[in-house]
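Be aware that the sequence shown starts at 1388, since it is given in this note's numbering, and climbs by one per residue.
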Amino acid sequence: MTFTGPLSNRYTDLVGIVHPIVQEGLGPFRTSKLAAAVSSAGGLGTVSMPGMPADLDAGARTFREHIDECASLTDKPFAVNIPVGVDGNGVVLPFTDVYIRTVLSARRADSTLAKQLTVMTTSAGFPGDYISMIKNAGMVHQHKVGSTHQAVKAADAGVDVVIAAGFEMGGHAPSKAVHSYVLLPSVTEAVDIPVLLTGGARDARGLASALSMGADGVAMGTRFIASTSNSDWHPAYVKAILDATEGDDVAFDGVYGPCRGLRNAASLMLTNHQDEGGEIRDAVELTRWKIESMQRAQTDGDIVGGLVLTGQVASAIHDIIDIAEFVPRMAAGAADILRRLAASFPATTPARA
Ligand SMILES: Cc1cc2nc3c(=O)[nH]c(=O)nc-3n(C[C@H](O)[C@H](O)[C@H](O)COP(=O)(O)O)c2cc1C
1388 MTFTGPLSNR
1398 YTDLVGIVHP
1408 IVQEGLGPFR
1418 TSKLAAAVSS
1428 AGGLGTVSMP
1438 GMPADLDAGA
1448 RTFREHIDEC
1458 ASLTDKPFAV
1468 NIPVGVDGNG
1478 VVLPFTDVYI
1488 RTVLSARRAD
1498 STLAKQLTVM
1508 TTSAGFPGDY
1518 ISMIKNAGMV
1528 HQHKVGSTHQ
1538 AVKAADAGVD
1548 VVIAAGFEMG
1558 GHAPSKAVHS
1568 YVLLPSVTEA
1578 VDIPVLLTGG
1588 ARDARGLASA
1598 LSMGADGVAM
1608 GTRFIASTSN
1618 SDWHPAYVKA
1628 ILDATEGDDV
1638 AFDGVYGPCR
1648 GLRNAASLML
1658 TNHQDEGGEI
1668 RDAVELTRWK
1678 IESMQRAQTD
1688 GDIVGGLVLT
1698 GQVASAIHDI
1708 IDIAEFVPRM
1718 AAGAADILRR
1728 LAASFPATTP
1738 ARA
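What follows is the structure in structure tokens.
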């Protein structure tokens, strides 16, 4: 069934949504309510990677719980995000395989869920053999890339959608540090499959400009955290986003490379390449400490000693949005901008390169 919105296109048709607006993965957190709200509003919500507990079976159960909660709150399609990157020792983190298999077996076991949980987004590294596994399961595979080379490699390997990630994005950012305005047109030029922009978008203007650079939609993170449908996030975290000003963000040494968040005691310690007290030497332990520090900020509101992941765009976000109202308004606003711009030039104006 095709749903028509003001900006319906090949991407919205592919994933069965109304507006080309995605809430991208915001792990290691619970984002079931947020994902359901975005999907119900006509965009595509994403259930995030839930963390990296020592007991991965427990992690898989938590992930499944988050997926079931999202499915119980919306009847629309939604996605899951699973990072597939390697740690400081070049090893794919053990949760990757467990979480991907958890999703695939949940879909196999529940045909109603399989009709809703139709999109898997991978990130933070090349998905390799997981591509055929995801495709053979009948899911749409989106993959987040940080360079044109990675986009071409992913498209050639068979992913359905690439998400071009600009360096200003919140969370793990591309190691080549290319920003959205440079990266996006290069990626859309280089691949034929649908492309989403992630990094820096917050409103109709961002969506309109992404579309004008050849993208099929935007995938936002930080903007959606400051929303009313988002009761999983600690209010202190949301307030930190609302209060942020330009220059308050920093890229520190994250789990898979650079990671963007607010400048505070925790992120500065990692910027200086020091772990807590200089005592955590084991790479897996340090990874676990980083992931737990991210969760401490989100669940306990520790915005000084925890890692507060946000994009640069936090400095431009000063209001709490109602997602049901925001998503359709953003799409309609972008369509309006594009129409007004087109109408403002005489039809005889020669096309510019
Ligand atoms: C709090 C937070 C957590 C994130 N966690 C993940 C994650 O688990 N996996 C992932 O692929 N991207 C993650 N990201 C990146 C987002 O999916 C998205 O690409 C990014 O927020 C886009 O940039 P923006 O914040 O400027 O919208 C995270 C971003 C934030 C702000």
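Idealized CB from N, CA, C, for every residue including glycine. Model, not experiment: these values are computed from the prediction.
{"Query": "The stretch 1435-1447 touching the stretch 1396-1416, judged by at least three CB pairs closer than 8 Å", "Result": "yes"}
{"Query": "Bridge partners - Ser-1596, DSSP secondary structure assignment", "Result": "Ser-1596 pairs with nothing; no bridge assigned."}
{"Query": "Straight-line Cα distance separating Met-1607 from Ser-1618", "Result": "18 Å"}
{"Query": "Extent of the continuous alpha helix (DSSP H) to which Ser-1616 belongs", "Result": "Premise fails: Ser-1616 is in no alpha helix (DSSP H) and is neither H nor E."}
{"Query": "The stretch 1593-1612 / the stretch 1391-1411 touching (three or more Cβ pairs under 8 Å)", "Result": "yes"}
{"Query": "Helix, strand or coil at His-1744 according to DSSP, with G and I counted as helix", "Result": "The chain is shown from 1388 up to 1740; residue 1744 falls before or after that span and cannot be answered."}
{"Query": "Close-in-space but distant-in-sequence residues of the same chain around Met-1520 (CB under 6 Å, 5 per side omitted)", "Result": "none"}
{"Query": "Thr-1399, buried or exposed, once every other Cβ within 10 Å from all chains shown has been counted against 16", "Result": "buried"}
{"Query": "Among Ala-1538, Ala-1595, Thr-1509 and Thr-1697, nearest to Val-1527 - alpha-carbon criterion", "Result": "Thr-1509"}
{"Query": "Whether Val-1549 touches Ala-1560 by CB criterion (8 Å)", "Result": "no"}
{"Query": "From Gly-1432, Ile-1678, Ser-1395 and Val-1569, residue whose alpha carbon lies closest to that of Ile-1454", "Result": "Gly-1432"}
{"Query": "heavy atom of ligand 1 below 7 Å from Thr-1697 C-beta", "Result": "yes"}
{"Query": "Cross-strand partners of Thr-1585 (DSSP beta bridge)", "Result": "Ala-1552"}
{"Query": "Cβ-Cβ separation, Val-1574 to Thr-1535 (assumed contact under 8 Å), whole Å", "Result": "5 Å"}
{"Query": "Check: Ala-1511 C-beta below 7 Å from any heavy atom of ligand 1", "Result": "yes"}
{"Query": "Whole-number beta carbon distance between Ala-1711 and Ala-1428, since they are thought to touch under 8 Å", "Result": "5 Å"}
{"Query": "beta-carbon His-1530 near ligand 1 non-hydrogen atom, thresh 7 Å", "Result": "no"}
{"Query": "For Asp-1723 and Glu-1663, the rounded distance between their alpha carbons", "Result": "Here the model assigns Glu-1663 a pLDDT of 49, short of 50, so the residue's position is not dependable and the matter cannot be decided."}
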